[in-house]
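Peer 1: In the numbering used here, the protein residues as written are 94 to 926.
Just dropping this structure here.
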């Protein structure tokens, strides 16, 4: 039997790949050719563009791997405290270009490929957006991972490896259709399977109690088992050697093929266990309009939490035999309530598996975890039926009940005789069907609860979680969201990035506050002209994409007015559409009115089970079909909806935007990050006083943003004031009446009469919770101000430059620093290669 290599021998053998860490054109060309031949079995005659993309990705990955391994080694040797970021979503975008930029050798790669007669930018389009997220929650998580690595913080992201992501959106006759997002069909060169770290996850079964010499012991037995298989993705820091890890779990059956059933002819039964297990990570957010879908979501969330915490403890016990030091080694952040089951799972691991006393286990659990809330809508706060716990997690239900019993005893002590408060604060909603309030569990079971914008946190403290704030005000804090400037300016808008760097140098990439230095450029006519030229080039690029994607030709010199985000009534794409109808009517009625041509761009997905959001997509297409084919309007007004919105599409849309629509109902958007991306790329915001819009206004100044509408407090009053019924606005405002009549009398949908009846009932015939008509007049006036200001090109450009210069606060680097200073307390560790 051959002896394993000695440490010294192994180090020597392993040193040869160091050549692949070199950042020069010759070594890159050599490795590109080697991967094409030896990894893909292709030569220059048979290789496709996709093959060339994969070979390049593997050659770049070689240069990542050395840093990746060294990062993990260094963190292990230092017994470092790590951030463990638990998020059910990561909207990562394409990896290759981002990693090339963060490694700092875009020029080297471009030159090497040029020498081979290959264009880097031709290859980049063959990457796919990782199907790991849906909206702002996932994109925020991706930005945070980038910042943690760039700031050299030891960090691990945990998520799920979905086979089919959320879905691929297609539009047929104006309606959304969903298809599987088979993002892994051609493999992923950035993902490395780690079968040696697989774990077992248990469901169902029963709970046994036994008494021994050390006290009562609880065992969870007779369970069904699912295997969690990890896949690792490198997270490359910018301008440093740190490469952190994103670990994604896929669900596998313990026995994925029953040979006995197969031989009996039961071919479906032979793979039944495999299908049942793997369904857990088939898609992100299974449709929960039915029992099976809800149960699958519940199992998905526990699978995610159990896999991740088992992995964290596996790493912890290698170097530690005392559990009281766990909070000194692990800072676990729950990104929304999807990972809330981490609280009872931590207690299960500590109490049941490691025999830690309840009181000590509870202190460890609370001291090592934090919770980020992302919603202000009570109906969006997750609640899981007690029945699900009884069926799938009986031991965890016992733990939740015990946590609740002890917690309510504290509440009763602090607020004696206030039985209503006790009922409100309970982790259990006793209304039938009884359920567990996951946000309450997250607050009670962690040391920190943060909102994601100043207004959001204020509303959490004074409305949504007022009882909890009054009990423990020190627990609540605000961490305004941020975005990574690496992807959202340096990568997405190279023209503007170069213009800025030529003016102030490149340090702004990791210190976005330095953008303040370009404020003086507002008085530089050459800088303003260059800024406008870059915006024009970006608009021409978007115009080409619109033509290719929709067949609609739009003038590239028009005002690009953009609303791209998840479809939801509170985000008020419908308010935008009502204003477009107003513009259309005005142009038809007053042929002499000739504002700058305007292109309205929509994009975003509606949840498969959200009928109203899907109907709004249909309404947008119906209006677009009429407006875009009206010869009397010409190119003065165009409306387009770009399908299948994602990170890569956003990277084309956002740099081209002149106007950023951030018009959610006040008090409903926790923060938003799209507003930050648009402002950073020189778009002017029209928005309500909601989420981070308020803080953007504070930074850029009142003269460089267009705000309108009722405040959050005023919206609350509108909802209960019968004298402010939407009908009142319809009957007293001729413009609103004409718009509604046109939309609801089937002018835009003559072939399908009556299809917008439910929209009419929502915004006109009931107390609309999203106050579309109550805000319309103010919105119309604010939009008019945008037309007037755009007529002054220099004035508009000055405001656009000031938006770029003054949004340094909204870097995710600043957000992560605040999390780390106030909650995590993790020391940065430079990596030497």
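Even for Gly, the Cβ is constructed at its ideal location relative to N, Cα and C.
1) Which of the three DSSP states, helix, strand or coil, is assigned to residue 105?
2) Please work out which residues of its chain come closer than 8 Å, Cβ to Cβ, to residue 629, disregarding the five sequence neighbours upstream and downstream, and give them in chain order.
3) Need the endpoints of the alpha helix (DSSP H) that residue 742 sits in, please.
4) What three-state label does DSSP hand residue 94 in the structure shown?
5) Thinking C-beta only, is residue 916 closer than 9 Å to residue 463?
6) Excluding the 5 residues preceding and the 5 following residue 468 in the sequence, name in chain order all residues of the same chain whose CB lies nearer than 8 Å to its CB.
7) Just tell me which of 387, 426, 392 and 388 has its CA closest to the CA of residue 405.
8) Could you tell me whether the Cβ atoms of residue 789 and residue 770 are closer together than 9 Å?
9) Roughly how many whole angstroms lie between the Cα atoms of residue 146 and residue 136?
10) Which of the three DSSP states, helix, strand or coil, is assigned to residue 229?
11) So, does the CB of residue 889 fall closer than 9 Å to a CB anywhere in chain C?
12) Taking contact to mean at least 3 C-beta pairs separated by less than 8 Å, is the segment 225 to 233 in contact with the segment 364 to 379?
13) Start and end of the beta strand (DSSP E) containing residue 270?
14) Let's see if you can read the secondary structure: which residues bound the beta strand (DSSP E) around residue 592?
15) Measuring CB to CB, does residue 481 end up less than 9 Å from residue 388?
16) Only counting the same chain, and skipping five residues up and downstream in sequence, which positions put a Cβ closer than 6 Å to that of residue 454?
17) So residue 659 is in the beta strand (DSSP E); what residue range does that whole segment cover?
18) For residue 183, collect the residues of the same chain with a Cβ closer than 6 Å to its Cβ; drop the 5 residues on either side in sequence, then sort them by chain order.
19) Enumerate in chain order the residues of its own chain whose CB-to-CB distance from residue 199 is below 7 Å, with the five nearest sequence positions on each side excluded.
20) Starting from the C-beta of residue 348, find all residues in its chain whose C-beta is less than 7 Å away, skip the five residues before and the five after it, and write them out in chain order.
21) For residue 97, is the classification buried or exposed, using 16 other Cβ atoms within 10 angstroms of its Cβ as the cut-off for buried?
22) Identify the continuous alpha helix (DSSP H) that holds residue 702 and give its terminal residues.
23) Where does residue 871 sit, in a helix, a strand or coil, going by DSSP?
24) So for residue 482, helix, strand or coil by DSSP?
25) Once you ignore the five residues that flank residue 560 on each side, which residues in its own chain have a CB closer than 7 Å to its CB?
26) How far does the alpha helix (DSSP H) with residue 368 in it extend, from its first residue to its last?
27) Could you check whether residue 906 and residue 244 sit closer than 9 Å to each other, using their CB atoms as the reference points?
28) DSSP puts residue 317 in a beta bridge; with which residues?
29) According to the neighbour-count rule (16 or more other Cβ atoms, all chains shown, within 10 Å of its Cβ), is residue 327 buried or exposed?
30) Compute the distance between the beta-carbons of residue 839 and residue 845, then report whether it is under 9 Å.
31) Is it the case that the Cβ atoms of residue 797 and residue 899 are separated by a distance below 9 Å?
32) For the beta strand (DSSP E) that contains residue 611, what are its first and last residues?
33) Out of 757, 525, 522 and 282, point me to the one whose CA is closest to residue 148's CA.
34) Go through its chain and collect everything with a Cβ distance to residue 804's Cβ below 6 Å, but skip five positions before and after it.
35) Note down the Cα distance separating residue 494 from residue 434, rounded to an integer number of angstroms.
36) With which residues is residue 286 paired in a DSSP beta bridge?
Peer 2: Taking the geometry as given:
1) As a position in the chain shown, residue 105 is number 12, starting the count at 1. Because residue 105 sits at a pLDDT of 45, beneath the cut-off of 50, its placement in the model cannot be relied upon, and the point is left open.
2) The residue you call residue 629 lines up with position 536 of the chain shown. Only 649 and 650 meet the Cβ criterion.
3) Position 649 of the chain shown, counting from 1, holds the residue named residue 742. Where residue 742 is concerned, the enclosing alpha helix (DSSP H) stretches over 740 to 749.
4) Translated into positions along the chain shown, residue 94 becomes position 1. Because residue 94 sits at a pLDDT of 41, beneath the cut-off of 50, its placement in the model cannot be relied upon, and the following sentence gives the value as read from the coordinates. Correct three-state label for residue 94: coil.
5) Counting from one through the chain shown, the residue named residue 463 turns up at place 370. Counting from one through the chain shown, the residue named residue 916 turns up at place 823. With a cutoff of 9 Å on beta-carbon distance, residue 463 and residue 916 are scored as near each other.
6) Stepping through the chain shown from its first residue, residue 468 is reached at position 375. Counting only Cβ-Cβ distances below 8 Å, and skipping sequence neighbours, we find 429, 474 and 763.
7) Position 312 of the chain shown, counting from 1, holds the residue named residue 405. The candidate whose alpha carbon is nearest that of residue 405 is 426.
8) On the chain shown, position 696 is the one that residue 789 refers to. On the chain shown, position 677 is the one that residue 770 refers to. No, these two residues do not count as a Cβ contact at 9 Å.
9) Taking the chain shown and counting its residues from 1, one reaches residue 146 at position 53. Taking the chain shown and counting its residues from 1, one reaches residue 136 at position 43. Straight-line Cα distance between these residues: approximately 14 Å.
10) Looking up residue 229 in the chain shown gives position 136. Of the three classes helix, strand and coil, the one that applies to residue 229 here is helix, per DSSP.
11) Looking at the structure shown, chain C is missing, and only one protein chain is on hand.
12) Contact between the segment 225 to 233 and the segment 364 to 379 is present, because at least three Cβ pairs lie under 8 Å.
13) Taking the chain shown and counting its residues from 1, the one referred to as residue 270 is at position 177. Bounds of the beta strand (DSSP E) holding residue 270 are 268 to 272.
14) Position 499 of the chain shown, counted from the first residue, corresponds to residue 592. Per DSSP, residue 592 belongs to no beta strand (DSSP E); it is in the alpha helix (DSSP H), 587 to 597.
15) Walking along the chain shown from the start, residue 481 turns up at place 388. Walking along the chain shown from the start, residue 388 turns up at place 295. Yes.
16) Counted from its first residue, the chain shown places residue 454 at position 361. Residues 440, 443 and 444 of the same chain have their beta carbon placed closer than 6 Å to that of residue 454, with the five preceding and five following residues left out of the count.
17) In the chain shown, residue 659 corresponds to position 566, counting from 1. Unbroken run through residue 659: none, as it is neither H nor E.
18) Translated into positions along the chain shown, residue 183 becomes position 90. Residues of the same chain with a CB within less than 6 Å of the CB of residue 183, apart from the 5 flanking positions on each side, are 225, 226, 231, 234, 235 and 252 in chain order.
19) Here residue 199 corresponds to residue number 106 of the chain shown, with the count starting at 1. Listed in chain order, the non-local C-beta contacts of residue 199 below 7 Å within the same chain comprise 193, local neighbours out to five positions each way being set aside.
20) Within the chain shown, residue 348 is the residue found at index 255, counting from 1. For residue 348, where only same-chain residues beyond five positions count, the Cβ hits under 7 Å are 366.
21) Against the chain shown, residue 97 aligns to sequence position 4. At residue 97, the pLDDT of 49 sits below 50, so the modelled position is not reliable; the number obtained from the coordinates is stated separately. Residue 97 should be labelled exposed.
22) For the purposes of this step, residue 702 is taken as residue 609 along the chain shown, with counting starting at 1. Run containing residue 702: none; DSSP gives neither H nor E here.
23) Within the chain shown, numbered from 1, the residue matching residue 871 stands at position 778. In the three-state reduction of the DSSP assignment, residue 871 falls in the helix class.
24) Start at 1 with the first residue of the chain shown, and residue 482 comes out as number 389. DSSP places residue 482 within a helical segment (H, G or I) once states are collapsed to three.
25) Residue mapping note: residue 560 aligns to position 467 of the chain shown, counting from 1. Same-chain partners within the cutoff: 514, 517 and 518.
26) Reading the chain shown from its first residue, position 275 is the one you call residue 368. Bounds of the alpha helix (DSSP H) holding residue 368 are 365 to 371.
27) Locating residue 244 in the chain shown gives position 151, counting from the first residue. Locating residue 906 in the chain shown gives position 813, counting from the first residue. For the pair residue 244 and residue 906, the CB atoms are nearer than the 9 Å cut-off.
28) Working through the chain shown from its first residue, we reach residue 317 at position 224. DSSP links residue 317 through a beta bridge to 296.
29) Taking the first residue of the chain shown as position 1, residue 327 is located at position 234. By the Cβ neighbour-count rule, residue 327 is buried, with 16 or more other Cβ atoms within 10 Å of its own.
30) On the chain shown, residue 839 is found 746 positions in, with the first residue counted as 1. On the chain shown, residue 845 is found 752 positions in, with the first residue counted as 1. Yes, these two residues count as a Cβ contact at 9 Å.
31) Along the chain shown, read from residue 1 onward, the residue named residue 797 stands at position 704. Along the chain shown, read from residue 1 onward, the residue named residue 899 stands at position 806. Their beta carbons are under 9 Å apart, which means residue 797 touches residue 899 by this criterion.
32) The residue you call residue 611 lines up with position 518 of the chain shown. That residue, residue 611, is in no beta strand (DSSP E); it is neither H nor E in DSSP.
33) Translated into the one-based positions of the chain shown, residue 148 becomes position 55. Looking at the Cα atoms, 282 is the closest of the given residues.
34) For the purposes of this step, residue 804 is taken as the residue at position 711 of the chain shown. Closer than 6 Å at Cβ, skipping near neighbours: 759 and 782.
35) Counted from its first residue, the chain shown places residue 494 at position 401. Counted from its first residue, the chain shown places residue 434 at position 341. Looking at the two C-alpha atoms, the distance is approximately 13 Å.
36) Against the chain shown, residue 286 aligns to sequence position 193. Answer by DSSP bridge pairing, in chain order: 324.
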